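Student:
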Amino acid sequence: MLFAFGGFSQQLLESKSTYFEIRKYYANEGKLPDLIKRFEDHTMALFEKSGMENIAYFLPADNTDNSMTYILGYPDQKSRDRMWEKFSNDPEWQKAKKESEINGGLVKSVDQTFMKLAPGLNDTSKPRPSGIFQLRTYTCFDGKLDNLITRFKDHTQDIFEKQGLRNYPYWVTVEKDGSQPKLVYLLADKDQASFEKDFQNFLKDPAWVKARDASEADGKIVEKVDAQFFKTLPFSPMK
Numbered sequence: 419m420l421f422a423f424g425g426f427s428q429q430l431l432e433s434k435s436t437y438f439e440i441r442k443y444y445a446n447e448g449k450l451p452d453l454i455k456r457f458e459d460h461t462m463a464l465f466e467k468s469g470m471e472n473i474a475y476f477l478p479a480d481n482t483d484n485s486m487t488y489i490l491g492y493p494d495q496k497s498r499d500r501m502w503e504k505f506s507n508d509p510e511w512q513k514a515k516k517e518s519e520i521n522g523g524l525v526k527s528v529d530q531t532f533m534k535l536a537p538g539l540n541d542t543s544k545p546r547p548s549g550i551f552q553l554r555t556y557t558c559f560d561g562k563l564d565n566l567i568t569r570f571k572d573h574t575q576d577i578f579e580k581q582g583l584r585n586y587p588y589w590v591t592v593e594k595d596g597s598q599p600k601l602v603y604l605l606a607d608k609d610q611a612s613f614e615k616d617f618q619n620f621l622k623d624p625a626w627v628k629a630r631d632a633s634e635a636d637g638k639i640v641e642k643v644d645a646q647f648f649k650t651l652p653f654s655p656m657k
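Taking our numbering, the leading residue of the sequence shown gets 419, the next gets one more, and so forth.
#1: What is the rounded straight-line gap between the Cα of ASP564 and the Cα of VAL602?
#2: Helix, strand or coil for SER427 per DSSP?
#3: Could you compute how far the alpha carbon of VAL643 sits from the alpha carbon of PHE559?
#4: Hey, would you say TYR586 sits closer than 8 Å to ALA606, going by beta carbons?
#5: Alpha carbon to alpha carbon, how far is LYS638 from GLN552?
#6: Let's test the definition: count the other Cβ atoms within 10 Å of the Cβ of VAL627 and tell me whether it reaches 16, buried, or not, exposed.
#7: What are the start and end residues of each continuous beta strand (DSSP E) run of 3 or more residues lying completely inside the region 582 to 645, in chain order?
#8: Scan the region 525 to 588 and note each continuous alpha helix (DSSP H) run of 4 residues or more that stays entirely inside, going in chain order.
#9: If we ignore side chains and look at the alpha-carbon of each, how far apart do PRO478 and ASP459 end up?
#10: What residue does the alpha helix (DSSP H) around PHE465 start on, and which one ends it?
#11: Classify SER435 as helix, strand or coil using the three-state DSSP reduction.
#12: Where do the N-terminal and C-terminal ends of the alpha helix (DSSP H) with SER497 fall, by residue?
#13: With a 10 Å radius around its C-beta and 16 neighbouring C-beta atoms as the bar for buried, classify LYS516 as buried or exposed.
#14: Starting from ILE473, follow the beta strand (DSSP E) in both directions and report where the run begins and ends.
#15: The ligand FAD heavy atoms versus the CB of TRP626: any closer than 7 Å?
#16: Which word fits PRO545, buried or exposed, when buried means at least 16 other C-beta atoms lie within 10 angstroms of its C-beta?
#17: Tell me which residues share the same chain as LEU566 and place their Cβ nearer than 7 Å to its Cβ, disregarding the 5 neighbours each side in the sequence.
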């Protein structure tokens with residue numbers, strides 16, 4: 419884990435987080451701008467005050483579900499609930515929340531994903547700031563997660579870089595039901611058109627085809643991939 423953490427620190431200098439959470443907020447109709455403003459003016463600073471780390475703030479490139487997504491870091495898993503309790507009980511937060519909701523609540527519902535750093539996949543150098551991000555989630559066939567991580571470490575990440583794609587942090591999910599974790603990572607490029615072109619070049623790269631076929635000699639590794647394009651909000655620490 420120290421090996422993985424070292425590279426992550428290059429991407430987020432002085433990061434001490436080892437436990438992470440993706441939070442997707444579905445805003446009530448017409449309330450997304452107010453929600454974003456509350457984060458920028460109040461929530462982010464109060465998260466930090468409570469000991470959390472602001473990692474990234476995104477809007478979907480095609481925001482059809484009136485949502486925003488962000489990632490928080492915590493020193494460890496045990497501290498997460500304690501920090502949220504501290505934040506929720508902070509009089510500054512309660513005041514900001516009350517004032518922002520004079521004309522109605524801002525958030526309809528929240529999705530959560532808990533994660534730890536993926537071993538061996540966070541030693542890449544800090545990428546250039548990017549114009550488009552894709553959050554990619556891989557569901558593996560039973561017992562195949564280690565095979566996937568090995569393929570990324572030995573081949574995939576380097577071939578991404580070769581084709582102009584930019585590696586951001588890699589995580590594995592923490593599944594509360596004890597099921598096999600998923601691999602989650604951020605891949606980026608200067609804009610969406612470049613991303614789509616470079617990703618197609620990656621898929622056709624002979625080095626990738628060879629690595630994929632060799633890794634699947636005993637059967638397929640990945641059952642399903644979910645991917646969504648995002649753009650960072652202006653105040654996002656990760657760019």
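By construction, the Cβ of each residue, glycine as well, lies at the ideal position given by its N, Cα and C atoms. Model, not experiment: these values are computed from the prediction.
Tutor: Looking at the coordinates:
#1: Rounded to whole angstroms, ASP564 to VAL602 spans 14 Å at the Cα level.
#2: At SER427, the pLDDT of 44 sits below 50, so the modelled position is not reliable and the matter cannot be decided from this model.
#3: Just so you know, the alpha carbons of VAL643 and PHE559 end up roughly 12 Å apart.
#4: Yes.
#5: Their backbone Cα atoms lie some 23 Å apart in a straight line.
#6: Using a 10 angstroms sphere on the CB of VAL627, the tally of other CB atoms stays under 16, which defines it as exposed.
#7: Along the length of the region 582 to 645, whole beta strand (DSSP E) runs at least 3 residues long occupy 584 to 591 and 601 to 607, reported in chain order.
#8: Complete alpha helix (DSSP H) runs here, min 4: 563 to 569 and 575 to 580.
#9: Each residue's alpha carbon lies about 21 Å from the other.
#10: Start and end: 462 to 467.
#11: It is coil, neither helix nor strand.
#12: It spans 495 to 506 - the alpha helix (DSSP H) in which SER497 sits, taken as one unbroken run.
#13: So LYS516 ends up on the exposed side.
#14: Boundaries of the beta strand (DSSP E) harbouring ILE473: 471 to 478, taken from the DSSP string.
#15: With respect to the ligand FAD, the structure offers nothing, as it holds no ligand at all.
#16: Within a 10 Å sphere around the beta-carbon of PRO545 sit 16 or more other beta-carbons, which makes this residue buried.
#17: For LEU566, where only same-chain residues beyond five positions count, the Cβ hits under 7 Å are TYR556, CYS558, LEU601, ILE639 and VAL640.
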